[in-house]
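Below: one structure, written as structure tokens.
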Amino acid sequence: MRSDIMTTAIKYQSDFNEHINFIKKEYPNISEAINFDKVEELIKFIVENNLEVTDFETEFEDTRGSSYIKAQEEVLVRSKGIEGIMKLFSEDSMEKLCEKTILDLLGGNGLIFKVVQTLFPTSYRPSIITSDISKGMIDNALNNNILAIRQPAQKLLFKDDSVEGVLLAYGTHHIPKNQRLETVCEAKRVLKKGGKLIIHDFEEGGPVARWFSDVVHPFSLTGHDFPHFNKEELEQYFYESDFKEYKIEYLYDPFILIGETEKEVKNKFTDYLLNMYGLEKLIDLYPNNMSNEKLFEKAEEIFKYNYEDLNLYSDFGKEKITITLNNNKFHLEMPRVAIVGIGVK
Ligand SMILES: C[S@@+](CC[C@H](N)C(=O)[O-])C[C@H]1O[C@@H](n2cnc3c(N)ncnc32)[C@H](O)[C@@H]1O
Numbered sequence: 001m002r003s004d005i006m007t008t009a010i011k012y013q014s015d016f017n018e019h020i021n022f023i024k025k026e027y028p029n030i031s032e033a034i035n036f037d038k039v040e041e042l043i044k045f046i047v048e049n050n051l052e053v054t055d056f057e058t059e060f061e062d063t064r065g066s067s068y069i070k071a072q073e074e075v076l077v078r079s080k081g082i083e084g085i086m087k088l089f090s091e092d093s094m095e096k097l098c099e100k101t102i103l104d105l106l107g108g109n110g111l112i113f114k115v116v117q118t119l120f121p122t123s124y125r126p127s128i129i130t131s132d133i134s135k136g137m138i139d140n141a142l143n144n145n146i147l148a149i150r151q152p153a154q155k156l157l158f159k160d161d162s163v164e165g166v167l168l169a170y171g172t173h174h175i176p177k178n179q180r181l182e183t184v185c186e187a188k189r190v191l192k193k194g195g196k197l198i199i200h201d202f203e204e205g206g207p208v209a210r211w212f213s214d215v216v217h218p219f220s221l222t223g224h225d226f227p228h229f230n231k232e233e234l235e236q237y238f239y240e241s242d243f244k245e246y247k248i249e250y251l252y253d254p255f256i257l258i259g260e261t262e263k264e265v266k267n268k269f270t271d272y273l274l275n276m277y278g279l280e281k282l283i284d285l286y287p288n289n290m291s292n293e294k295l296f297e298k299a300e301e302i303f304k305y306n307y308e309d310l311n312l313y314s315d316f317g318k319e320k321i322t323i324t325l326n327n328n329k330f331h332l333e334m335p336r337v338a339i340v341g342i343g344v345k
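Rendered as structure tokens:
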């Protein structure tokens, strides 16, 4: 290790060890699945790849963790897609889901865990282990009594063959292209035989990728210059990491917000977008509520789908942002189509 890297590593090490000791003490069951001898190697990887402070931290200027956490207070906005992901893990029988432990590798502050706790009956609930590289995200999850482990998706502390499911979702594009194959291999290593890896992201060239390049990149504090995915790339990772079987499909993954009035639901939606993507520069650019209006116009322009172009049924999802009145409440739905790869070890 170079000496500057060495100094940072030593500083980082004590912080990291404190976290690991906390997990050992508070979560002895899960500690059995962890290989603590890997800690040193993991710290070296984090420091060499400048992952000590990421875009999703909460205690540093120009990071967007705090506003991201604020957006996640609206726990169910993305629940339709998350339910879809859970169904992919269970496939044949939802009852079997409760026997599985799923490692959520880009878990943030535990949103997927919270959605499952909120919507799934106890008898269907898998055990979800939230895992993330950001200290801010992991600390927030732990402070809310959610089991959460700090580790990079590329290099895991878990033992070989230790979990039934691994999930890379809602941020897989953050993993650099040249580390994506090793991330998939690492996920496969920790999966039990017959276990499933689900990789979820959005297609290059689609509305979500355009949203990131036209809106998030210029108007968020952190910028957002990450390549998304395509079907061939996903297939290549499953093929090269030697998964027994795999398939790639589309998943309907909208934002859904509910309000008492049309105005309220529109405001909730644009506030959600501002926080979710940390669009601070847009707030600076447009005074008062103008940023909300501009954002609504931009989202309406970008989030449009023609499902037949994707070889999907025309009723796969909404074609554009729609507001409908349902049981006296206004429901706003913004369509998004994710691409998901499902591999069986
Ligand atoms: C968009 S957030 C998604 C969080 C959560 N799954 C959700 O849906 O709210 C992406 C997360 O990926 C994490 N992340 C980015 N690169 C990572 C890496 N290499 N290893 C682990 N986590 C990473 C970030 O810290 C962030 O919390």
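Counting along the sequence shown from 1, when you hit position 284 you're at 284 in UniProt numbering, and nothing is skipped either side. Positions of the beta carbon are idealized from the N, C-alpha and C atoms, including for glycine.
Taking the Cβ of Leu111 as the reference point, at least one heavy atom of ligand 1 falls within a distance shorter than 6 Å.
Shown here for Cys98: same chain residues with a beta carbon closer than 7 Å to its own, the five before and five after excluded, namely Ser123, Tyr124, Arg125 and Pro126 in chain order. Distance from the C-beta of Pro152 to the nearest heavy atom of ligand 1 is below 6 Å. Using a 10 angstroms sphere on the CB of Met276, the tally of other CB atoms reaches 16 or more, which defines it as buried.
Between the stretch 262-281 and the stretch 87-107 there are fewer than three C-beta pairs closer than 8 Å, too few to call the two in contact.
The closest heavy atom of ligand 1 lies less than 6 Å from the beta carbon of Leu106.
At the C-beta level, Gly136 and Thr58 come within 7 Å of one another. Taken atom to atom, the span from the alpha-carbon of Pro121 to that of Ser291 is near 40 Å.
In the three-state reduction of the DSSP assignment, Asp104 falls in the strand class, which pools E and B. Taking C-beta separations shorter than 6 Å and ignoring five residues to either side along the sequence, the partners of Asp160 in its chain run Arg189, following chain order. Between Val208 and Leu142, the alpha-carbon positions lie close to 30 Å from each other.
By the Cβ-count criterion, Thr172 is buried, with 16 or more other Cβ atoms from all chains shown falling within 10 Å of its own Cβ. The DSSP-derived three-state label of Ile146 is coil.
Cβ neighbours of Val39 within its own chain (closer than 8 Å, five residues either side excluded): Phe16, Asn17, Ile20 and Leu157. The three-state reading of DSSP puts Lys114 in helix, counting H, G and I together.
DSSP places Leu51 outside both helix and strand once states are collapsed to three, so it counts as coil. Ser131 is bridged by DSSP to Ile149. Inter-residue distance for Leu325 and Gly223 is about 36 Å (C-alpha atoms, whole angstroms). Going by DSSP, Val190 is part of the alpha helix (DSSP H) stretching over Lys177 to Val190. Put simply, of Gly194, Asp132, Pro218 and Pro227 the residue whose alpha carbon is nearest the alpha carbon of Lys177 is Pro227.
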